[in-house]
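Following: one structure in structure tokens, then a few remarks.
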Amino acid sequence: MTVETRKETLGFQTEVKQLLQLMIHSLYSNKEIFLRELISNASDAEDKLRFAALKDDSLYEGDTDLKIRLDYDAEAGTVTITDNGIGMSRDNVIQNLGTIAKSGTAEFLKQLSGDEKKDSKLIGQFGVGFYSSFIVADRVEVFTRPAGAPQSEGVHWESAGDGEFTIENVDLPGHGTRIVLHLKKDEKEFADGWRLRNLVKKYSDHISFPVVMKAESEEEGKKDEDETINDATALWTLPRTEIKDEEYKEFYKHVAHDFEDPLTWSHNKVEGKLEYTSLLYIPKRAPFDLYNRDAPRGLKLYVQRVFIMDDAEQFLPLYLRFTKGVIDSNDLSLNVSREILQNDSTVESIRNAMTKRVLDMLSKLAKKQPEDYQTFWNEFGTVLKEGPAEDFGNREKIAGLLRFASTHTGESTQNVSLEDYISRMKEGQNKIYYITADSHTAASSSPHLEVFRKKGIEVLILSDRIDEWMMGYLNEFDGKQLQDVARGDLDLGEVETEEDKKEQEEASKEHEGLIERLKTALNDRVQEVRVTKRLTDSPACLVVGQFDMGAQMKKIMEAAGQKVPDSKPIFEINVDHPLVQRLETEQGEERFNELSAVLFDQATLASGEQLDDPGAYVSRLNRLLLELSN
1 MTVETRKETL
11 GFQTEVKQLL
21 QLMIHSLYSN
31 KEIFLRELIS
41 NASDAEDKLR
51 FAALKDDSLY
61 EGDTDLKIRL
71 DYDAEAGTVT
81 ITDNGIGMSR
91 DNVIQNLGTI
101 AKSGTAEFLK
111 QLSGDEKKDS
121 KLIGQFGVGF
131 YSSFIVADRV
141 EVFTRPAGAP
151 QSEGVHWESA
161 GDGEFTIENV
171 DLPGHGTRIV
181 LHLKKDEKEF
191 ADGWRLRNLV
201 KKYSDHISFP
211 VVMKAESEEE
221 GKKDEDETIN
231 DATALWTLPR
241 TEIKDEEYKE
251 FYKHVAHDFE
261 DPLTWSHNKV
271 EGKLEYTSLL
281 YIPKRAPFDL
291 YNRDAPRGLK
301 LYVQRVFIMD
311 DAEQFLPLYL
321 RFTKGVIDSN
331 DLSLNVSREI
341 LQNDSTVESI
351 RNAMTKRVLD
361 MLSKLAKKQP
371 EDYQTFWNEF
381 GTVLKEGPAE
391 DFGNREKIAG
401 LLRFASTHTG
411 ESTQNVSLED
421 YISRMKEGQN
431 KIYYITADSH
441 TAASSSPHLE
451 VFRKKGIEVL
461 ILSDRIDEWM
471 MGYLNEFDGK
481 QLQDVARGDL
491 DLGEVETEED
501 KKEQEEASKE
511 HEGLIERLKT
521 ALNDRVQEVR
531 VTKRLTDSPA
541 CLVVGQFDMG
551 AQMKKIMEAA
561 GQKVPDSKPI
571 FEINVDHPLV
581 QRLETEQGEE
591 RFNELSAVLF
601 DQATLASGEQ
611 LDDPGAYVSR
621 LNRLLLELSN
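FYI, the numbering for the sequence shown is 1 to 630, going by the UniProt record's numbering.
So this is what it looks like as structure tokens:
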């Protein structure tokens, strides 16, 4: 079989079929964005050729005038986008246009609700690119050839977006990609020069390569000339005073492949020992693969305005992986690689500055636009919580950006900052108190909060899975120590009166006998039994040892298949509670042991932990209930 006749009909990947249908319907109200997506892809292809040609300029094939051409035929009802960029091979075309090579695609599709408005935002975050063609076209053709390949290795791809596509090899004299959209009957409005020019100015003015069309002028000699219809200047190279907010927003959509405006951005030019320009954005919505720490991330890297790579992750720490944007350095070499970036001192200096820049952006957003910051926190807060462990030098700054639920608000919304908390601290209080649990409900109903409610002391409620791990790296803020109310000895500072301390000491002495009997009854299940100062209404609670692992961390380690260190809890009893007083009067050792075990198991459940032997607990409880009924 000759190369020219090797024609195949192939089926789209299942996920592509689903995404196509969802996208065509969900994004139909914003259908004109197809042109932005295709021009953006063409710009990326031009960038990639220019970078590859740094090592081998024969890839240009004598055509160094990189540009994107836009044509239309009103009579035929077509719009054509052509680039002379890197181009694609047959395998590239099948991979890029027939499948979605993104991890987690199936999980992403499960998130779609059927609500077009909500789904369009999710689909926009997924990054649909080329497939947006089918919003306006009922048939799409792609002609492409890789730069440097023989003419005979051109590829023709065609599909009606109905589940399959055909692909064959054809002779193509020029490298790059030409996309022909055969417009649907009711979308012929796009086969119009004025309409296309306006869309390019609206969405793609910032593209750094010329977007050209045939001149519309009827003047003699002008009709067949090309004219550039965009500014064709890299946006980040312009002074901030010359850039409108709308231009910043459109450039973000190009860089991030997002359909929504960003929350905020920061554009800076640094001169001196290091010379670089950065344009950083904070998105409004989290991408579907945010929590996959191995997903591609990072900034677009340019060196002296030449594109080097997408997803240059070396310029920001992992906990800031939601940041999008561009960095253009004058200090790196044009042949820089990912491996070189990892060990470059210049990169380390830029990384430190970029990290501070993003944290400053967030601080400014929190102070000046608290509602927008709350939007950011709801989307990205869990990722930012990775910061205290990963970035020791910026822990205080990160801590100031954290938001928590609190007993002060009584809501599950995380909207209380550590500064807010400190401003409300009671006189004599010198610590920031918090509690961790698997859910907000479990934390807010914990018996450990009883004394805090009695004293009117605010407690932060932490219920995200990552929280206990995070707090292991966050010991203080603004000189105030953070204390887990369910860990170690409870220190209420000067809020605890001398009378309170004296009463507890006396109670401990008065009930020494009960404490000893409980130690014997519970034997190897506890490391200590003591009279509580935490409880006012509950009979007992479990306290984690000062240096022991809490319930959340145990679950994380178990889920990761790691061995959990052995540790025993401290058992605290409320000697003023009727159940404990009843226990103290029990003379029969067997029944005392039975009641002690029930009390301990109840405290275990209240702390959010699993019982070692649920069956034994149920049997004991049933026996006690039967006794009561007799």
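Ideal placement from N, C-alpha and C gives every residue a C-beta, glycine not left out.
Quick one: residues in its chain with C-beta nearer than 8 Å to the C-beta of residue i, no 5 flanking neighbours on either side, listed in chain order?
i: aspartate 372; result: Leu263, Thr264 and Leu365
i: valine 598; result: Tyr617, Arg620, Leu621 and Leu624
i: alanine 399; result: Pro388, Leu418, Leu474 and Phe477
i: glutamate 220; result: Caution is warranted here: a pLDDT of 48 is assigned to glutamate 220, below 50, making its placement in the model unreliable, and no coordinate value can be reported.
i: glycine 298; result: Asp310, Asp311, Ala312, Glu313, Gln314, Phe315, Leu316 and Arg321
i: threonine 382; result: Tyr291, Asp464 and Ile466
Report the CB separation of residue i from residue j in whole angstroms; it is logged as a contact under 8 Å.
i: glutamate 153; j: lysine 7; result: Not really, about 15 Å apart at Cβ, beyond 8 Å.
i: valine 544; j: phenylalanine 571; result: In fact, because the Cβ distance is near 12 Å, the residues do not count as touching under 8 Å.
i: isoleucine 327; j: leucine 301; result: 6 Å
i: phenylalanine 592; j: arginine 517; result: 6 Å
i: isoleucine 432; j: phenylalanine 477; result: 7 Å
i: glycine 608; j: aspartate 464; result: That pair is no contact at about 14 Å.
Hey, would you say the C-beta of residue i is under 8 Å away from at least one heavy atom of the ligand SAM?
i: lysine 55; result: Absent from the structure shown: the ligand SAM. Ligands present: none.
When the Cα atoms are used, what is the spatial distance from residue i to residue j?
i: glutamate 505; j: proline 578; result: 20 Å
i: glutamate 32; j: histidine 254; result: 14 Å
i: glutamate 187; j: leucine 181; result: 11 Å
i: aspartate 344; j: isoleucine 282; result: 26 Å
i: glutamate 594; j: arginine 620; result: 7 Å
i: methionine 553; j: glycine 561; result: 12 Å
i: tyrosine 276; j: isoleucine 422; result: 39 Å
i: asparagine 92; j: tyrosine 473; result: 45 Å
i: glutamate 419; j: aspartate 138; result: 56 Å
i: aspartate 537; j: methionine 425; result: 24 Å
i: glutamate 216; j: phenylalanine 34; result: 23 Å
i: serine 43; j: isoleucine 350; result: 26 Å
i: glutamine 483; j: glutamate 494; result: 15 Å
i: arginine 36; j: phenylalanine 251; result: 10 Å
i: threonine 82; j: leucine 402; result: 47 Å
i: threonine 436; j: methionine 557; result: 16 Å
i: valine 303; j: alanine 405; result: 44 Å
i: aspartate 576; j: lysine 454; result: 15 Å
i: cysteine 541; j: threonine 375; result: 37 Å
i: asparagine 84; j: tryptophan 157; result: 17 Å
i: serine 89; j: leucine 196; result: 29 Å
i: isoleucine 39; j: leucine 10; result: 26 Å
i: aspartate 489; j: threonine 532; result: 10 Å
i: aspartate 258; j: glycine 615; result: 53 Å
i: serine 445; j: alanine 606; result: 9 Å
i: glycine 87; j: isoleucine 461; result: 54 Å
i: valine 347; j: asparagine 574; result: 58 Å
Please tell me whether residue i has its Cβ less than 9 Å away from any Cβ of chain D.
i: phenylalanine 592; result: Protein chain content of the structure displayed is limited to a single chain, and chain D is not contained in it.
Return the chain-ordered list of same chain residues with a C-beta closer than 6 Å to the C-beta of residue i, the five sequence neighbours on each side being excluded.
i: proline 210; result: Lys67, Thr228 and Ala232
i: lysine 102; result: The pLDDT assigned to lysine 102 is 48, lower than 50, so where the model puts this residue is not dependable, and the model offers no usable value.
i: threonine 409; result: none
Identify whether residue i lies in helix, strand or coil by the three-state DSSP scheme.
i: glutamate 528; result: strand
i: serine 329; result: strand
i: asparagine 268; result: strand
i: arginine 338; result: helix
i: aspartate 258; result: coil
i: valine 598; result: helix
i: arginine 321; result: coil
i: valine 212; result: strand
i: glutamine 610; result: coil
i: threonine 346; result: helix
i: glutamate 499; result: helix
i: phenylalanine 12; result: coil
i: phenylalanine 307; result: strand
i: alanine 540; result: strand
i: lysine 300; result: strand
i: threonine 233; result: coil
i: tyrosine 281; result: strand
Between residue i and the rest of its own chain, which residues show a CB-CB distance below 7 Å, the 5 nearest in sequence each way excluded?
i: glutamate 247; result: Asp205, His206 and Leu235
i: alanine 191; result: Tyr72, Asp73, Ala74, Gly77, Thr78, Val79 and Leu183
i: alanine 53; result: Leu59 and Tyr60
i: alanine 442; result: Gly608
i: glycine 104; result: In this prediction, glycine 104 scores a pLDDT of 49, lower than 50, which makes its location untrustworthy; the coordinate-derived value is nonetheless stated afterwards. Result list for glycine 104: Phe288, Asp289 and Asn292, in chain order.
task: Give, in chain order, every unbroken run of the alpha helix (DSSP H) that is at least 4 residues long and sits entirely within the UniProt domain "Histidine kinase/HSP90-like ATPase" (30–187).
output: 33–52, 90–98, 105–111, 116–126 and 133–136
- request: Quick one: which unbroken beta strand (DSSP E) runs of 3-plus residues sit fully inside the stretch 545–572? Chain order, please.
  value: none
Every unbroken beta strand (DSSP E) within the stretch 401–461, with a cutoff of 3 residues, ordered by chain: 431–436
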